[in-house]
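A short write-up of the structure that comes next.
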Amino acid sequence: MKAAVIDVRGLVKDYGRTRALAGLDLEVLPGEVYGFIGPNGAGKSTTIRVLMDLLRPDAGEVTVFGQAPQEGGPALRSRIGYLPGELALTGRVTAGEHLHHLASLRGGRGRQRIGQLAERFRLDLGRPIRALSRGNKQKVGVIQAVMHEPDLLVLDEPTSGLDPLLQHEFLELVRELRARGATVLMSSHVLREVESVADRVAVIREGRTVDVDSVDGLRRRAGQRVMLRFAEVPELSSLAALPGVERPRLEGTTFECQLHGEPDALLKAAARHRVIGWVARDRDLEELFMDVYRLGQATGIDAAPGTGAVEAPDAR
């Protein structure tokens, strides 16, 4: 196996008495798109700032392309495209002048792609930075991060402020970068975006990594939401005890559950009754994220107050 592009072990970072990172681990492999998800305050941006040497860790080990960020210097940073979560873009210069200045600081790398990327993301290069909307400033940030074709992209909430069409265009760009061999670390609150492009996903909570898996693995673990509507009230306990059934819930003649694995046993049990309605859908990454974040693993949920619903104990 090739050495990790990003290798983080036991990362700790304190802001005074507040512990932002509490032993976080992270391993991003060459050529993968790695989703980095968690709620506000979980430590995503702090981790990214440590990787970019904008913050220094209090404990732990961090390497990017085998070097500590503070030791790699300009040679290491030249291999990275970075889009911060909060862009501080001001001034009288135009978007084009700003991007050409950044290209000059990189020895001219990326200058030839500015016009192409501006056209792709519908950015007017002649407008002053200070006159740009938030969305147009985000376009400038995206372009400066990718125009020099870096080996590693570190993206903190990259689609913030972009309209849906340009969000889609950005995700296409990420796929192209991966096809070219680039490695991408992408932090995002938009979990469907992460699900659509990431190879693996890490979930962090309170400064620690609590789950890492491939997107396919997460989808398998997420299971399905199943709804069965019967002509008469079925026996809840017999359905709740079936293999793979979790969070069973009965409201009137409607049975709902989360199902993992094959549906064979549930279908055979349901066939003993008269079934008048059936719906099954795959749970998405966002639902699994909420499981992991709130409880660390899927558990039973309470019935909503006032619904008259009956909840069975977890049969596992």
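Residue numbers (the working numbering): 100 to 415.
A virtual CB, placed ideally from N, CA and C, is assigned to each residue, including glycine.
From a predicted model like this one, the values you see are computed outputs, not experimental measurements.
To the nearest angstrom, how far is it from the Cα of residue i to the Cα of residue j?
i: PRO347; j: LEU341; result: 10 Å
i: PHE220; j: LYS238; result: 7 Å
i: VAL332; j: ARG382; result: 26 Å
i: ILE105; j: GLN266; result: 26 Å
i: LEU264; j: ALA370; result: 45 Å
i: ILE228; j: VAL192; result: 6 Å
i: VAL296; j: GLU170; result: 31 Å
i: GLU355; j: ARG319; result: 19 Å
i: MET246; j: GLN166; result: 24 Å
i: VAL111; j: ASP310; result: 18 Å
i: MET326; j: ALA364; result: 15 Å
i: ALA158; j: VAL344; result: 43 Å
i: ILE153; j: GLU334; result: The question names Ile, but residue 153 in the sequence shown is Leu. Taking the straight line from one Cα to the other gives about 59 Å.
i: ASN139; j: LEU201; result: 30 Å
i: LEU276; j: HIS372; result: 53 Å
i: VAL107; j: ASP250; result: 18 Å
i: GLU196; j: GLU248; result: 19 Å
i: ALA121; j: HIS288; result: 21 Å
i: ARG118; j: ARG208; result: 39 Å
i: ASP390; j: PRO257; result: 25 Å
i: SER259; j: GLY234; result: 8 Å
i: ALA339; j: PRO156; result: 48 Å
i: GLY130; j: THR146; result: 20 Å
i: LEU198; j: GLY109; result: 37 Å
i: PRO362; j: GLU386; result: 20 Å
i: LYS101; j: VAL300; result: 19 Å
i: LEU366; j: GLU268; result: 42 Å
Is it true that the CB of residue j sits closer than 8 Å to the CB of residue i?
i: ARG205; j: SER177; result: yes
i: GLN357; j: GLY316; result: no
i: ALA368; j: SER336; result: no
i: LEU125; j: THR308; result: yes
i: ASP255; j: SER286; result: yes
i: LEU188; j: LYS236; result: yes
i: LEU349; j: ILE136; result: no
i: PHE329; j: VAL378; result: no
i: LEU186; j: GLY240; result: yes
i: ALA194; j: LEU222; result: yes
i: LEU175; j: VAL163; result: yes
i: ALA244; j: GLY190; result: no
i: GLY184; j: SER144; result: yes
Grab the span of the alpha helix (DSSP H) containing residue i for me, first residue to last.
i: PRO263; result: 263 to 279
i: GLY137; result: Where GLY137 is concerned, there is no enclosing alpha helix (DSSP H), given that its DSSP letter is neither H nor E.
i: PRO168; result: 168 to 176
i: SER337; result: 335 to 339
i: THR146; result: 143 to 150
i: ASP250; result: First-last for ASP250: undefined, no H or E at that position.
List the whole-angstrom C-beta distance separating residue i from residue j, where the pair is believed to meet the contact cut-off of C-beta under 8 Å.
i: GLY306; j: GLY134; result: Rounded, the Cβ-Cβ distance is 18 Å, inconsistent with contact.
i: ALA281; j: LEU252; result: 6 Å
i: PHE388; j: VAL283; result: At roughly 19 Å, the Cβ-Cβ gap does not stay under 8 Å, so PHE388 and VAL283 are not in contact.
i: ALA217; j: ILE242; result: 7 Å
i: ARG298; j: VAL132; result: Before going on, a small fix: residue 298 reads as Asp here, not Arg. At roughly 5 Å, the Cβ-Cβ gap stays under 8 Å, so ASP298 and VAL132 are in contact.
i: VAL273; j: GLU294; result: That belief does not hold up - the Cβ atoms of VAL273 and GLU294 are roughly 13 Å apart, past 8 Å.
i: LEU128; j: ALA103; result: 6 Å
i: ARG380; j: ARG324; result: 6 Å
Go to residue i, then tell me how far its beta strand (DSSP E) extends in each direction, as first and last residue.
i: GLN357; result: 353 to 358
i: GLU126; result: 117 to 127
i: LYS367; result: Looking at the DSSP string, LYS367 is not in any beta strand (DSSP E); the run it does join, the alpha helix (DSSP H), is 363 to 369.
i: LYS112; result: 105 to 114
i: GLU160; result: 158 to 163
i: GLY376; result: 374 to 381
Residue i: beta carbon under 7 Å from a heavy atom of the ligand ADP?
i: ARG108; result: The ligand content of the structure shown is nil, which means the ligand ADP is not present either.
Strictly under 8 Å for the Cβ-Cβ distance: is residue i near chain C by that measure?
i: ASN139; result: The chain inventory of the structure shown lacks chain C, comprising one protein chain alone.
Uninterrupted beta strand (DSSP E) stretches inside the stretch 285 to 351 (no shorter than 3 residues):
299 to 304, 307 to 313, 323 to 329, 344 to 350
Taking only runs that begin and end inside the stretch 179 to 237, name each unbroken beta strand (DSSP E) of 3 or more residues, in chain order.
179 to 182
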